[in-house]
Amino acid sequence: MNHKNDLRVLFEQKKEIMDRYLSDTLAKRDIPERLAQCIAYSLLNGGKRVRPALCMILSERLGIMQDKVMPLAAAFEMAHTASLIHDDLPCMDNDDYRRGKLTNHKVYGEAMAVLAGDALLVFAFEHALQELPKQGFDKTNILNALGIFANALGPAGICGGQTLDMMQDAVKDEENYVWDMCERKTATLLRATLTAPAALAGADEKIMSHLYNYGTHLGISFQIVDDILDVTGSVQELGKTPGKDVKSGKLTFVTVYGLQRAKKLAEEETSKAIEAIVPLGENFKIFVEIAEHFAGRSK
Numbered sequence: 110m111n112h113k114n115d116l117r118v119l120f121e122q123k124k125e126i127m128d129r130y131l132s133d134t135l136a137k138r139d140i141p142e143r144l145a146q147c148i149a150y151s152l153l154n155g156g157k158r159v160r161p162a163l164c165m166i167l168s169e170r171l172g173i174m175q176d177k178v179m180p181l182a183a184a185f186e187m188a189h190t191a192s193l194i195h196d197d198l199p200c201m202d203n204d205d206y207r208r209g210k211l212t213n214h215k216v217y218g219e220a221m222a223v224l225a226g227d228a229l230l231v232f233a234f235e236h237a238l239q240e241l242p243k244q245g246f247d248k249t250n251i252l253n254a255l256g257i258f259a260n261a262l263g264p265a266g267i268c269g270g271q272t273l274d275m276m277q278d279a280v281k282d283e284e285n286y287v288w289d290m291c292e293r294k295t296a297t298l299l300r301a302t303l304t305a306p307a308a309l310a311g312a313d314e315k316i317m318s319h320l321y322n323y324g325t326h327l328g329i330s331f332q333i334v335d336d337i338l339d340v341t342g343s344v345q346e347l348g349k350t351p352g353k354d355v356k357s358g359k360l361t362f363v364t365v366y367g368l369q370r371a372k373k374l375a376e377e378e379t380s381k382a383i384e385a386i387v388p389l390g391e392n393f394k395i396f397v398e399i400a401e402h403f404a405g406r407s408k
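Oh and the sequence shown: position 50 is 159 in the working numbering, straight run, nothing missing.
Pasting the structure below:
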């Protein structure tokens, strides 16, 4: 059995399911045409759907039917896409390409890009709040799950991480800085794709704790590999401009630690993720393979 190929097939299947769900969900809403086009440009065209896939796979391991968790899984992709639209703006990271094509503001202008990102963030919560109760989940569990989701997006999570990303000129401790920024900007949301559906399922403290630790180390490893790929990858592989971080002097794991040390750190974080998930037993073994699969992206 080739576990790597099996995982690729699994993630591709989840991507196709999520692509259809997002398309159908967006089509059902009464949205001004220009805004709908702007949202669809970023939400429906491209993206690996890693975050909703993790949410879906974890939910299945906890006995939740895939159809029931789709509103939460879709919310993660909406919010993630919103963060990318905003990150790419000239006032932020000023990127020209995302997911293999021109960034949203390059096509629709900065004002529409801001509105599309804002709309997607609100849409994520609105859709989850409207649809999850229809699936029979406990109301307290829904609130707990969406609280985790909100925390990952807010000032302690992605917004805080992006703030740090924009304050690099004032950094004194570069090593501490890249870890803190990575934890907030990447790891919090990736971790929430596991802990939020677990909260939705009413998982016990043991499961929540192991998933929290696993998701944290998985998210950090994921970002370190992204930093490595920024140096070693091509625009075709990445879907965005490669080498931009190094050229601009941006602080990343590669620019702070060097390429070889960054690779070692990615391996260490992957090992820590695996150590965190193994105690949950055979039912969660696929997450060992997922951690190894994500780490292998740079090889």
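Virtual Cβ for every residue (Gly too), placed ideally from N, Cα, C.
beta-carbon residue i near the ligand NAP non-hydrogen atom, thresh 7 Å
{"i": "Q332", "result": "By its list of ligands, the structure shown contains no ligand whatsoever, and the ligand NAP lies outside what it can speak to."}
Close-in-space but distant-in-sequence residues of the same chain around residue i (CB under 8 Å, 5 per side omitted)
{"i": "L144", "result": "M221, L224, A225 and A228"}
{"i": "K123", "result": "R158, P161, A162, M165 and I166"}
Reduced DSSP secondary structure (H/G/I, E/B, other) of residue i
{"i": "K359", "result": "coil"}
{"i": "I126", "result": "helix"}
{"i": "K137", "result": "coil"}
{"i": "F234", "result": "helix"}
{"i": "R158", "result": "coil"}
{"i": "D414", "result": "Within the shown structure, residues of the chain are numbered from 110 to 408, placing residue 414 beyond reach of any answer."}
{"i": "L368", "result": "helix"}
{"i": "K394", "result": "coil"}
{"i": "V153", "result": "Checking the sequence, you will find Leu at residue 153 rather than Val. If DSSP states are grouped into helix, strand and coil, L153 belongs with coil."}
Beta-carbon proximity of residue i to residue j, cut-off 8 Å
{"i": "K281", "j": "H326", "result": "no"}
{"i": "R293", "j": "L273", "result": "yes"}
{"i": "I173", "j": "P306", "result": "yes"}
{"i": "E311", "j": "N250", "result": "For the sequence presented, residue 311 should be read as Gly rather than Glu. Yes, these two residues count as a Cβ contact at 8 Å."}
{"i": "Y84", "j": "C147", "result": "Nothing can be reported for residue 84, as the shown portion of the chain is limited to 110 through 408."}
{"i": "E219", "j": "L198", "result": "yes"}
{"i": "L131", "j": "L163", "result": "no"}
{"i": "D336", "j": "A371", "result": "yes"}
{"i": "I333", "j": "A375", "result": "yes"}
{"i": "L116", "j": "E378", "result": "no"}
Close beta carbons around residue i, own chain, < 7 Å, minus the five adjacent residues each side
{"i": "V287", "result": "L360, T361, F362 and V365"}
{"i": "A233", "result": "A184, M187 and A188"}
{"i": "R160", "result": "F185, E186, H189, L298, L299 and T302"}
{"i": "H236", "result": "T134, P180, A183 and A184"}
{"i": "H319", "result": "A385, I386, P388 and L389"}
{"i": "F396", "result": "Y323 and I386"}
{"i": "Y321", "result": "R300 and T304"}
{"i": "T212", "result": "D197, D204, D205 and Y206"}
Whole-Å CB distance - residue i paired with residue j, under 8 Å assumed
{"i": "A308", "j": "I257", "result": "6 Å"}
{"i": "F331", "j": "T295", "result": "6 Å"}
{"i": "G156", "j": "R208", "result": "6 Å"}
{"i": "L230", "j": "A279", "result": "Rounded, the Cβ-Cβ distance is 27 Å, inconsistent with contact."}
{"i": "G263", "j": "M290", "result": "Actually they are not in contact, since the Cβ atoms of G263 and M290 sit about 16 Å apart, beyond 8 Å."}
Own chain partners of residue i with C-beta closer than 6 Å, once the 5 adjacent residues on each side are dropped
{"i": "I166", "result": "none"}
{"i": "D202", "result": "D196"}
{"i": "K177", "result": "Q244"}
{"i": "E240", "result": "P180"}
{"i": "R403", "result": "Note on identity: in this sequence residue 403 is Phe, with Arg being the wrong assignment. Counting only Cβ-Cβ distances below 6 Å, and skipping sequence neighbours, we find F331."}
Which complete alpha helix (DSSP H) runs does the stretch 257-333 hold, if anything under 4 residues is left out?
Correct list: 267-274, 283-291 and 297-309.
Give, in chain order, every unbroken run of the beta strand (DSSP E) that is at least 3 residues long and sits entirely within the stretch 172-221.
none
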